[in-house]
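Engineer: So that you can map any letter, position 17 of the sequence shown is 20 in the numbering used here, and since no number is skipped, the others follow by simple counting. Each residue gets a CB set at the ideal place from its N, CA and C atoms; glycine is no exception.
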Amino acid sequence: MEMPKNIFRTSRFKEFAVSFHISYNDIKLQDLILNSCDQYVAYSHNKVNDYLKVYQNLIMDKQQGCLYERFGGDQQVSELIDQFYYKVLFDKLLRDKFLKADMSRVRYQQKRFFSQMMGDKKTQYTGRDLIEVHRNLNISDQQFDKFKIHLKSIAQDMEVSVEDIEELLEHVERHRNVIVFNK
């Protein structure tokens with residue numbers, strides 16, 4: 004059985020899309036299906052239920068996305084970092100680490116680092132190696148923990164989900180050993 008050239012424009016497929024309140028144009032369904040499913044499952048009239056289950060899973064995956072996407076993308080990451088450094092510069096425990104820093108450069112690099120760390124495939128951190136950056140700052144575990152407390156507080160203020168905040172803090176925690184040098 005040969006598959007029609009464009010199964011996604013058939014009336015039968017459109018009926019499926021409408022019945023599940025799906026806009027196949029908005030999410031580029033053709034690419035999702037062809038890249039993620041067996042073409043036979045997508046076309047076979049005998050396996051419609053299998054197709055729909057796979058399709059629904061693809062939609063859920065598309066909606067959930069990576070932490071960067073769930074967080075709100077570039078604008079929200081920028082907001083997080085800007086608010087974070089505002090708090091840090093007024094925090095007695097942390098502000099001395101930034102007295103000699105070019106804060107616009109620090110914020111820029113931190114935004115790129117966080118974007119990449121959170122799963123943005125388009126952004127690449129281009130700053131110096133984390134060990135090199137932090138080695139002479141003599142950052143303690145207490146200061147690193149305070150850093151995380153500020154991030155959590157700001158993310159909560161931004162109404163980020165509890166799960167996404169936990170995931171963000173897990174990503175940050177993975178870098179403790181290359182940031183903390185004052186044990």
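1) Identify every residue that forms a DSSP beta bridge with Ser190.
2) If you draw a straight line from the alpha carbon of Asn185 to that of Ser81, how long is it in whole angstroms?
3) Using 8 angstroms as the cut-off, can you tell me whether the segment 78–96 makes contact with the segment 148–155, which would need three or more C-beta pairs spanning the two stretches below that distance?
4) Out of curiosity, what's the CA-to-CA distance linking Ile142 and Lys125?
5) So, under 8 angstroms CB-CB, Val167 and Leu70 are touching, yes? Tell me the CB distance rounded to an integer number of Å.
6) What is the DSSP secondary structure of Leu55, counted as helix, strand or coil?
7) Given Ile134, which residues of its chain have a CB within under 6 angstroms of its CB, disregarding the five upstream and five downstream residues?
8) Does the beta-carbon of Gln127 have 16 or more other beta-carbons within 10 angstroms, so that it is buried, or is it exposed?
9) Identify which residue in Met120, Phe116 and His153 has its Cα closest to the Cα of Val136.
10) Would you kindly report the start and end of the unbroken alpha helix (DSSP H) that includes Gln79?
11) Note down the Cα distance separating Asn49 from Arg73, rounded to an integer number of angstroms.
12) Quick one: is Ala104 buried, meaning 16 or more other Cβ sit within 10 Å of its Cβ, or exposed?
13) Have a look at Glu176, Gly76, Val109 and Phe101 and flag the residue whose alpha-carbon is nearest the alpha-carbon of Gly130.
14) Would you list the one or two residues that DSSP bridges to Asp143?
15) Do you know how far the Cα of Ser118 is from the Cα of Asp99?
16) In whole angstroms, what is the alpha-carbon distance linking Arg138 and Asp132?
Structural biologist: According to the structure shown:
1) Here the chain has residues from 4 to 186 only, and residue 190 is not among them.
2) Taking the straight line from one Cα to the other gives about 29 angstroms.
3) Flag = yes, the segment 78–96 and the segment 148–155 touch.
4) For Ile142 and Lys125, the distance between alpha carbons rounds to 30 angstroms.
5) The residue asked about is misnamed: residue 167 is Asp in this sequence, not Val. The distance from the Cβ of Asp167 to that of Leu70 is about 6 angstroms, consistent with a contact at the 8 angstroms cut-off.
6) Low confidence applies to Leu55: its pLDDT is 41, below 50, so where it sits in the model is not reliable enough to give any reading.
7) Here the set comprises Val181.
8) Exposed is the label assigned to Gln127, since fewer than 16 other Cβ atoms lie within 10 Å of its Cβ.
9) For the options Met120, Phe116 and His153, the alpha carbon positioned closest to that of Val136 is the one of Phe116.
10) Where Gln79 is concerned, the enclosing alpha helix (DSSP H) starts and stops at Gly76 to Val91.
11) Bear in mind that the predicted position of Asn49 carries a pLDDT of just 44, short of 50, making it too unreliable to give a figure here.
12) In the assembly as shown, Ala104 is an exposed residue. Its beta-carbon has fewer than 16 other beta-carbons within 10 Å.
13) The shortest C-alpha separation from Gly130 is found at Val109.
14) The identity of residue 143 in the sequence shown is Ser, whereas the question assumes Asp. Looking at the DSSP assignment, Ser143 forms a beta bridge with Asn185.
15) Near 25 angstroms, if we compare the C-alpha coordinates of Ser118 and Asp99.
16) About 10 angstroms.
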